[in-house]
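**Student:**
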Amino acid sequence: MTTPGWTPEDYGAVTVLRAANGGGYPYGNSLLVRGTAATLLVDPSLALVGGGVPGADAVLVSHAHEDHLVGVAGLAAPVHVHEADAAAVRSSEVLLAGYGLPANAAAAFGETLAADFHVGSRPDAVGVPDGHVFDLGDRTATVVHLPGHTAGHSGLLVEPDGFFFVADIDLTSFGPFYGDVGSSLEGFERSIATCAGIEARWYGTYHQKGVVEGVAEFRGRLDAYRDVLVRRDAALVEFLSEPRTLADVVDHRFVYRPHVDEPYVPTVEARTAEQHLARLVHRGAVAETEPGRFRAVAG
Ligand SMILES: [Zn+2]
Numbered sequence: 001m002t003t004p005g006w007t008p009e010d011y012g013a014v015t016v017l018r019a020a021n022g023g024g025y026p027y028g029n030s031l032l033v034r035g036t037a038a039t040l041l042v043d044p045s046l047a048l049v050g051g052g053v054p055g056a057d058a059v060l061v062s063h064a065h066e067d068h069l070v071g072v073a074g075l076a077a078p079v080h081v082h083e084a085d086a087a088a089v090r091s092s093e094v095l096l097a098g099y100g101l102p103a104n105a106a107a108a109f110g111e112t113l114a115a116d117f118h119v120g121s122r123p124d125a126v127g128v129p130d131g132h133v134f135d136l137g138d139r140t141a142t143v144v145h146l147p148g149h150t151a152g153h154s155g156l157l158v159e160p161d162g163f164f165f166v167a168d169i170d171l172t173s174f175g176p177f178y179g180d181v182g183s184s185l186e187g188f189e190r191s192i193a194t195c196a197g198i199e200a201r202w203y204g205t206y207h208q209k210g211v212v213e214g215v216a217e218f219r220g221r222l223d224a225y226r227d228v229l230v231r232r233d234a235a236l237v238e239f240l241s242e243p244r245t246l247a248d249v250v251d252h253r254f255v256y257r258p259h260v261d262e263p264y265v266p267t268v269e270a271r272t273a274e275q276h277l278a279r280l281v282h283r284g285a286v287a288e289t290e291p292g293r294f295r296a297v298a299g
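Just so we're aligned: the sequence shown equals residues 1 to 299 in full-length UniProt numbering.
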């Protein structure tokens, strides 16, 4: 895997280490927050392997996914992560299990994690709760728990700069991802609402959308991002105009386009479809007409 390096972009005391490809997966846009007393590095990305890892007194990982914790097993600084994702940073086996892949796909992905993402176990990773404050001297960085993408997924609010890092609530047209074992569609929706309620000057995403300026622009993009969930519900209801099984839904695909041929696709499609089906059944929009077969309720 090639490593494109990064260039710095400053937003107050927050420096975005913008990946040369803009931050599209497998790369991402790490942050460096410099205070008078300490410097915090957030989400070391693959771009840092080619572009250099800046020195830091502490590291925060927004959540336990391979593209956010590149090389953290070998960093000298202490590593922090929300307590709900701490076990997966402490052990790469726990991390791998969290993707919920079938055995053959898991073995291959485990090799990818180690070889391409430089992921290893970091047994001394520190679990932190919602609201944990990093005191950097003249500024603070506060952990904001935003679960759904993973159970421990968290943002970071840097004050007084007014920079809110929303990590993988990434505002892309792909939409929210909640396809892991610890993911939650309902949690993701609540976290989107939490983000909309936080007024900041800048909103930093980890991937290709980069930094959005101003709360009005951010809320508009957040609405469009949340609408992807509404469209997935609607597309599923339409597909269930005749009775279908979960396997039918997985084959039809509601998340990935047909040409995407990766070993994790069936798992993610199934996890996503199960969560939409459950809530559509709960709302009365879909009924389980016989065990394992679902159909939209007319009207
Ligand atoms: Zn992620």
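Glycine included, C-beta positions come from ideal geometry on N, C-alpha and C.
Does DSSP put leucine 246 in a helix, a strand or coil?
**Tutor:** DSSP places leucine 246 in helix when its eight states are reduced to three.
**Student:** Report the three-state DSSP secondary structure of serine 154 (helix, strand or coil).
**Tutor:** Correct three-state label for serine 154: strand.
**Student:** Looking at the strands, I want to know which residues DSSP matches up with valine 61.
**Tutor:** According to DSSP, which records beta bridges pairwise, valine 61 is partnered with Val81.
**Student:** Given a threshold of 16 other Cβ atoms within 10 Å of its Cβ, counted over all protein chains shown, does asparagine 104 qualify as buried or as exposed?
**Tutor:** Label assigned to asparagine 104: exposed.
**Student:** If you draw a straight line from the alpha carbon of valine 166 to that of threonine 112, how long is it in whole angstroms?
**Tutor:** In a straight line, the C-alpha of valine 166 is about 26 angstroms away from that of threonine 112.
**Student:** For residue 300, count the other beta carbons within 10 Å of its own beta carbon; 16 or more makes it buried, fewer makes it exposed. Which is it?
**Tutor:** The requested residue 300 is not part of the displayed model; the chain covers only 1 to 299.
**Student:** Which residue wins for smallest C-alpha separation from leucine 146, given the options Gly187, Ala296, Ala86?
**Tutor:** When only C-alpha atoms are compared, the closest one is Gly187.
**Student:** Nearest CA to the CA of glycine 55: which residue from Ala64, His65, His63, Leu40?
**Tutor:** Answer by Cα proximity: Leu40.
**Student:** So, tryptophan 202 versus glycine 162, is the Cβ gap smaller than 8 angstroms?
**Tutor:** Yes, the pair counts as a contact, with Cβ atoms nearer than the cut-off.
**Student:** Could you tell me the boundaries of the alpha helix (DSSP H) in which alanine 200 lies?
**Tutor:** Counting along the chain, alanine 200 falls outside any alpha helix (DSSP H), and DSSP gives it neither H nor E.
**Student:** Sorry if obvious, but does the Cβ on aspartate 168 come closer than 7 angstroms to a heavy atom of ligand 1?
**Tutor:** Yes, Cβ of aspartate 168 sits closer than 7 angstroms to a heavy atom of ligand 1.
**Student:** Who pairs with aspartate 135 in a beta bridge, going by DSSP?
**Tutor:** According to DSSP, which records beta bridges pairwise, aspartate 135 is partnered with Thr140.
**Student:** Would you mind sorting arginine 231 into buried or exposed? The rule is 16 or more other CB atoms within 10 Å of its CB.
**Tutor:** When all chains shown are included, arginine 231 counts as exposed.
**Student:** Among residues of its own chain, excluding the 5 on either side of valine 237, which ones have a beta-carbon nearer than 8 angstroms to its beta-carbon?
**Tutor:** Result list for valine 237: Leu280, Ala285, Val286, Ala296, in chain order.
**Student:** Look at glycine 179 and valine 249 and say whether their C-beta atoms are less than 8 angstroms apart.
**Tutor:** No, these two residues do not count as a Cβ contact at 8 angstroms.
**Student:** Is the segment 154 to 161 touching the segment 5 to 23, taking contact as three or more C-beta pairs under 8 angstroms?
**Tutor:** Yes, since at least three Cβ pairs between the segment 154 to 161 and the segment 5 to 23 fall closer than 8 angstroms, the two stretches touch.
**Student:** Among Leu246, Leu32, Leu171, which one has its Cα closest to the Cα of arginine 226?
**Tutor:** Measuring from the Cα of arginine 226, the nearest candidate turns out to be Leu171.
**Student:** Give the DSSP bridge partners of phenylalanine 165, in chain order.
**Tutor:** Phenylalanine 165 pairs with Leu156, Gly204.
**Student:** Can you list, in chain order, the residues of its chain whose CB lies under 8 angstroms from that of arginine 293, leaving out five sequence neighbours each side?
**Tutor:** Pro243, Arg244, Thr245.
**Student:** Out of curiosity, what's the CA-to-CA distance linking valine 144 and glutamate 290?
**Tutor:** Approximately 42 angstroms between the Cα atoms of the pair.
**Student:** How far does the alpha helix (DSSP H) with threonine 39 in it extend, from its first residue to its last?
**Tutor:** Segment 39 to 42 is the beta strand (DSSP E) holding threonine 39; no alpha helix (DSSP H) there.
**Student:** Can you name, in chain order, every residue of its own chain whose Cβ lies under 6 angstroms from the Cβ of alanine 196, other than the five neighbours on each side?
**Tutor:** Contacts found: Arg219, Leu222.
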